[in-house]
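For the record, in the sequence shown the residue sitting at position 106 is 203 according to my numbering, with numbers rising by one throughout.
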Amino acid sequence: VQTCALPISGGAITISSNLSETIDQRSYAFEGGIVGLGASVSVMNVRSTSQAFLADGTIVDKAASVAINAVTSERLTAKSLGAQVGAVAGGASFSRVRVSNDGVTDTYAGIGKNARVGTGVGTVGSITVKALSRVAVVMDTFACAGGAVAVEFNFAFADVMPDVRAEIGAGSIVKSSGDVGVYATTDHDAATQVKSVTLGIAAVGVSYAQANLAPTVSATVAGEVGAQGGVTVVSGFNIDPFTLGPVHTVA
Numbered sequence: 098v099q100t101c102a103l104p105i106s107g108g109a110i111t112i113s114s115n116l117s118e119t120i121d122q123r124s125y126a127f128e129g130g131i132v133g134l135g136a137s138v139s140v141m142n143v144r145s146t147s148q149a150f151l152a153d154g155t156i157v158d159k160a161a162s163v164a165i166n167a168v169t170s171e172r173l174t175a176k177s178l179g180a181q182v183g184a185v186a187g188g189a190s191f192s193r194v195r196v197s198n199d200g201v202t203d204t205y206a207g208i209g210k211n212a213r214v215g216t217g218v219g220t221v222g223s224i225t226v227k228a229l230s231r232v233a234v235v236m237d238t239f240a241c242a243g244g245a246v247a248v249e250f251n252f253a254f255a256d257v258m259p260d261v262r263a264e265i266g267a268g269s270i271v272k273s274s275g276d277v278g279v280y281a282t283t284d285h286d287a288a289t290q291v292k293s294v295t296l297g298i299a300a301v302g303v304s305y306a307q308a309n310l311a312p313t314v315s316a317t318v319a320g321e322v323g324a325q326g327g328v329t330v331v332s333g334f335n336i337d338p339f340t341l342g343p344v345h346t347v348a
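Below, the structure is given as structure tokens:
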């Protein structure tokens with residue numbers, strides 16, 4: 098919603114953004130011969146965004162309620178398979194999934210700076226601002242190499258590092274006849290698995306898998322906020338913002 102004065106209707110105002118994304122990526126490599134060399138590579142960089150907000154300077158005079166929700170749901174699967182056979186056999190399997198959008202908030206819900214909500218001739222009921230990021234990453238890497246001399250290297254990396262933010266911006270004046278809640282939370286899971294078989298008179302194999310869950314999660318209230326009910330501000334990693342209990346539903 099860009100800078101504007103919303104009509105005085107007294108009804109409920111709901112602003113929602115819901116991104117649902119499924120990516121299934123597969124990579125295969127098979128080589129054979131006196132010298133069998135090959136590589137299987139799978140790389141996924143996910144930079145999707147979901148944002149819902151009242152823009153800077155927006156005016157809402159009257160509403161039964163205001164709900165602003167931004168949700169990102171991503172299920173990412175990467176599978177890599179490689180096989181090399183020869184008198185001299187060498188292979189590598191490499192998989193990487195990265196969820197991050199440098200310079201842009203991946204999941205954002207907010208009331209912008211210098212907004213005016215419930216400050217006019219009418220009243221505004223409950224106000225809820227919620228940003229939720231769901232990410233599930235599943236990575237399977239399998240490789241085998243066989244020969245008199247066999248060398249195999251296998252790696253799988255998952256980095257889940259989105260920015261998840263909910264806020265009421267600086268300079269805003271927000272008044273509610275009910276409750277005000279600002280919530281930012283995640284439901285993230287990453288599973289990486291590497292399997293390899295290396296056979297030979299001289300055989301060397303290296304396998305390594307790493308999953309890194311490191312989102313930036315923030316819930317912020319700035320400006321002037323008044324509520325006849327209560328003001329709740331919650332940010333957390335893999336928790337339910339309402340019960341404060343752990344969540345894990347994406348797998």
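Every residue gets a Cβ at the ideal spot worked out from N, C-alpha and C, and that includes glycine.
- From the listed residues Lys227, Ala160, Lys210 and Gly179, the smallest Cα separation to Thr169 is found for Lys227.
- One thing to note: Asp276 has its Cβ no nearer than 9 Å to the Cβ of Ala212.
- Boundaries of the beta strand (DSSP E) harbouring Met236: Val221 to Gly243, taken from the DSSP string.
- A direct Cα-Cα distance of roughly 14 Å separates Thr317 from Thr204.
- In terms of Cα proximity to Asn166, the closest of Asp121, Ile208 and Arg195 is Ile208.
- Collapsing the DSSP output to three states places Ile298 in coil.
- Under the 8 Å Cβ criterion, the region 221-235 does not count as touching the region 291-302, having fewer than three qualifying pairs.
- Beta-bridge annotation (DSSP): Arg123 is paired with Lys176.
- For Ala149, same chain residues with a beta-carbon under 7 Å away, outside a window of 5 residues either side, are Ile112, Ser113, Ser114, Ile165, Asn166, Ala167 and Ala206 in chain order.
- CA-CA distance, Ala253 to Thr174, rounds to 12 Å.
- If you draw a straight line from the Cα of Gly327 to the Cα of Glu321, it is about 14 Å long.
- Nearest to Val261 by C-alpha distance, out of Lys176, Leu151 and Gly200, is Gly200.
- Within the DSSP bridge table, the entry for Leu151 names Ile208 as partners.
- With contact defined as three or more Cβ pairs closer than 8 Å, the region 235-252 and the region 189-196 are in contact.
- Ranked by Cα distance from Thr313, the first of Ala324, Asn335, Ser293 and Thr340 is Asn335.
- Taking each of Gln122, Asp256, Gly222 and Arg144 in turn and checking the Cα distance to Lys159, the smallest one comes out for Gly222.
- Contact between Val185 and Gly244 holds, with the beta-carbon distance rounding to 6 Å and staying under 8 Å.
- Looking at the DSSP output, Asn142 shares a beta bridge with Arg195.
- Between Gly179 and Ala263 a beta carbon distance of about 43 Å is seen, past the 8 Å cut, so the two are scored as non-contacting.
- For the pair Ser269 and Ile224, the CB atoms are not nearer than the 9 Å cut-off.
- Rounded to whole angstroms, Thr283 and Val330 show a C-alpha spacing of 15 Å.
- With a 10 Å radius around the Cβ and a threshold of 16 neighbouring Cβ atoms, Gly215 comes out buried.
- By the Cβ-count criterion, Thr119 is exposed, with fewer than 16 other Cβ atoms from all chains shown falling within 10 Å of its own Cβ.
- DSSP, read as helix, strand or coil, puts Ala255 in strand.
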